[in-house]
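In this note's numbering, the protein residues as written are 189 to 1129.
Notes follow the structure.
Here it is as structure tokens:
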């Protein structure tokens, strides 16, 4: 007799609703199996036929860390396209490559950690390249498009499951795991949450990754905002994946909890579902979870909640239905899309005298440190194809029409013994580089299969580049960079600087009549030993730097012979501005300033092309033409050449403000965009180039503006006409400004945009429907959004400053009302203005308090407080020690409350009460003196 076929478990039956399937599978897992699901690398459950799974596949602008893949422009470059449809297609291509690569390599994951929606608030942020824009609406529009492409178009199953990075208010690498972003409620709701919210609400997001930093004194990995905001925006189960090592940071660097069991329990209960910690070793995390269970810090229900969210994502990916999608890899379509994206990302910043496009037959000098480079970044795949600016121009104009001068300083390093550093030849039988498809580039060690440097009587001429701040690279004649491997020896072994700890950068430190050469990766000096040149923990060789040729000399010669000079300048994404390292200035490195000046002095017809991950403050005044593009991936050079030649009219637009000087910038850790007037929304100075700026080879006319309000929205339409003689794209932008605001509002704020393609003489009608909620602001007096009635300017144009059309609409709304302080008290963080304070955590779990910053003296202002028919006393809730002073309407201090002795800890609050007679509506000023934490103020009759 044939044994009966066992029934299909409900979790295997695709006809069963997903929620029931998840619950069924969850009920079949043992507690130990469920605990195993909490680590990034989840083991399989063989008895149920459940495969192993890992969260996390980097896919910011192509599949990263898994070897060769199509490399698209950096995220900030995709933001510069202002083109959601293009970015959606890029996302589709990336997700198709994820599926194709997974079919041949099971290490490739379907839970992709992309895109980054952190706002580019401060241009010195080291990871500027990873975000889309300083504006939350543009960021959200681009991120939504990318996630839709990553999700795919299947009606049931997701091609990949995108996770947004990095929640929340994360825009600094300096002390990134210990610094706290002080984010007042208006900035939280109007700025930082907005980019995440609109993308999550669009429905193609599978999860979120918390950032390393703290917000208002509390680590993001235990943030109550995950429950209060993130998970309130959607009915879908969202998977929250920790950033790498962040769970351990809660104890080890942040000292927020005393034990890892407490930290793990708090993160899990706050909403973290997958712990990325200690690489592939899950034993430490699972032991911490078991310890938390034993101590009663967690329940099995808490674990079930996290596992349910993980399973929900895996069901959406079709894992339990045998769903596979046939991916596509390095197709002609993907190559063409990479080129199209690179072309659309190029921004023409200045073009006077019609120098661009280049006249046919022009003799070109292509110079600069980035002229023959196609740089990758930390989140790039390995290039399948490569196109540098020089290669693109050779291809487009011919090598005979183009002369090249890199502009490196050519040097020799002489030892105290009179010998010189010598790079031995690698030899024809040198092994090929190691496989670049390692799961984590941080694990790639330097090569030791090449001969180390030695010294001899003549030495080797090295190419020296100073990348700024004294950080330099040295390159051998064969193009290999000097690098230090784990054995400490120097070799010419690297194709490019790179790795988590860059081993190819050095510093020259004056010492006596020469210089010590310090290796930045190890911090040790370079020494000459009997068996080769190596880094040493003590001592170091004193080198004399002999310059064979200055880079500007070669640049000047080439520039003088050309009709037009193209200077290609910018950054190496692994040096001076990258993950773990913020920049210190907007200026170009001095080496590149020298090259630019030499080219300009030799030939006034000099074009500057900036290829960089972030803005620069350059002296554009004497230059007839300036362009900018982010590192454009595999087709960067071809794209730049086509734009320079006029084959493509540039139409990229700046996704962030380009400031003219470092003095225009706020402190890197000042997150109060309203109070310190940051980004184009509030900046009152004159930018070098404004948000939304970008020129074209065509010209465009705007007209026929119509606007009306009704049915909960504002409808705006206008026409755009190509008045030039070439087909080109225009990016039409709609902004608003509250004309009679009762609180500080943006100078102008992007409401909508559209990129349109127009032939010469063609006209297009552009229309937008904007919800009235887009005109609202966060009313701290009442803790909610409010649309203020009154006139609102509608501004239409080609950038935030290039306004072509304007009109004014008067909108109905909710009139302002005083703060009802007698009824709801006064939460300390709900101030209208402040000076010398920061917001901190009220408790480890939730709530805010306010405390003075380093000088221990701060001021808070709360406008229009309604005391009603009268109050007789005031009570403050405080912790720590110090004095709280209250005054009305700018008058003298009316009440002083002081803690006689410090409270036992920062979360041990006491209530202090004193008399205060007030009635009617007044502005209340609160002074904080000493290390006191103020949670709130209450009033009673």
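Positions of the beta carbon are idealized from the N, C-alpha and C atoms, including for glycine.
Segments assigned beta strand (DSSP E), at least 3 residues, entirely inside the region 384 to 408 = 395 to 398
With DSSP run on the structure shown, which of helix, strand or coil describes residue 457?
-> helix
Helix, strand or coil at residue 436 [DSSP, three-state] | helix
From which residue to which residue does the beta strand (DSSP E) around residue 663 run?
-> 660 to 663
Do residue 727 and residue 718 have their C-beta atoms closer together than 7 angstroms?
-> no
Might you give, ordered along the chain, the residues of its own chain that have their beta carbon closer than 7 angstroms to the beta carbon of residue 364, omitting 5 neighbours on each side?
-> 400, 401
Through-space distance from residue 860 to residue 542, alpha-carbon basis | 41 angstroms
Inter-residue CB distance, residue 750 and residue 791 (contact presumed, cutoff 8 angstroms) | 6 angstroms
Reduced DSSP secondary structure (H/G/I, E/B, other) of residue 225 | coil
With a cut-off of 8 angstroms on the beta carbons, I'd call residue 932 and residue 862 a contact; round off their distance for me.
-> 6 angstroms
For the region 905 to 912 against the region 966 to 981, are there 3 or more C-beta pairs whose distance is under 8 angstroms?
-> no
Beta carbon of residue 568, beta carbon of residue 252: below 7 angstroms?
-> yes
Within 10 angstroms of its Cβ, does residue 219 collect 16 or more other Cβ (buried), or is it exposed?
-> exposed
What's the C-alpha gap between residue 293 and residue 1050?
-> 59 angstroms
Under 8 angstroms Cβ to Cβ from residue 736, same chain only, skipping five residues before and after it: list those, please.
-> 598, 599, 600, 649
Ordered along the chain, which non-local residues of its own chain (more than five positions away) have a Cβ less than 7 angstroms from that of residue 848?
-> 805, 874, 875, 876
Nearest-angstrom Cα separation, counted from residue 655 out to residue 713 | 19 angstroms
Classify residue 763 as helix, strand or coil using the three-state DSSP reduction.
-> coil
Have a look at 1034, 1085, 1078, 1119 and flag the residue whose alpha-carbon is nearest the alpha-carbon of residue 1040.
-> 1119
Is the number of C-beta pairs between the region 865 to 874 and the region 953 to 973 that are closer than 8 angstroms three or more?
-> no
With which residues is residue 450 paired in a DSSP beta bridge?
-> Answer by DSSP bridge pairing: none, since residue 450 is not bridged.
State the Cα-Cα distance for the pair residue 1113 and residue 380, rounded to the nearest angstrom.
-> 27 angstroms
Do residue 554 and residue 576 have their C-beta atoms closer together than 7 angstroms?
-> no
Flag this pair as touching only if the region 274 to 281 and the region 808 to 815 have three or more C-beta atom pairs under 8 angstroms; answer yes or no.
-> no
Would you identify the three-state DSSP class for residue 473, choosing helix, strand or coil?
-> helix
C-alpha gap between residue 674 and residue 465, whole angstroms = 24 angstroms
Quick one: give me the first and last residue of the alpha helix (DSSP H) that residue 337 is part of.
-> 324 to 339
Assigned secondary structure, residue 256 (DSSP; H/G/I helix, E/B strand, else coil) | strand
Three CB pairs or more closer than 8 angstroms across the region 517 to 526 and the region 815 to 827 | yes
Please report the residue range of the alpha helix (DSSP H) in which residue 937 lies.
-> Residue 937 -> not in any alpha helix (DSSP H); beta strand (DSSP E) instead, spanning 937 to 946.
Host alpha helix (DSSP H) of residue 491 (start-end) = 488 to 504
When the distance is taken between beta carbons, is residue 451 closer than 7 angstroms to residue 439?
-> yes
Cβ pair residue 818, residue 265 closer than 7 angstroms | yes
In terms of residues, what are the limits of the beta strand (DSSP E) holding residue 959?
-> 951 to 959
Quick one: grab the DSSP three-state call for residue 426.
-> coil
Kindly identify the DSSP beta-bridge partner or partners of residue 539.
-> 813
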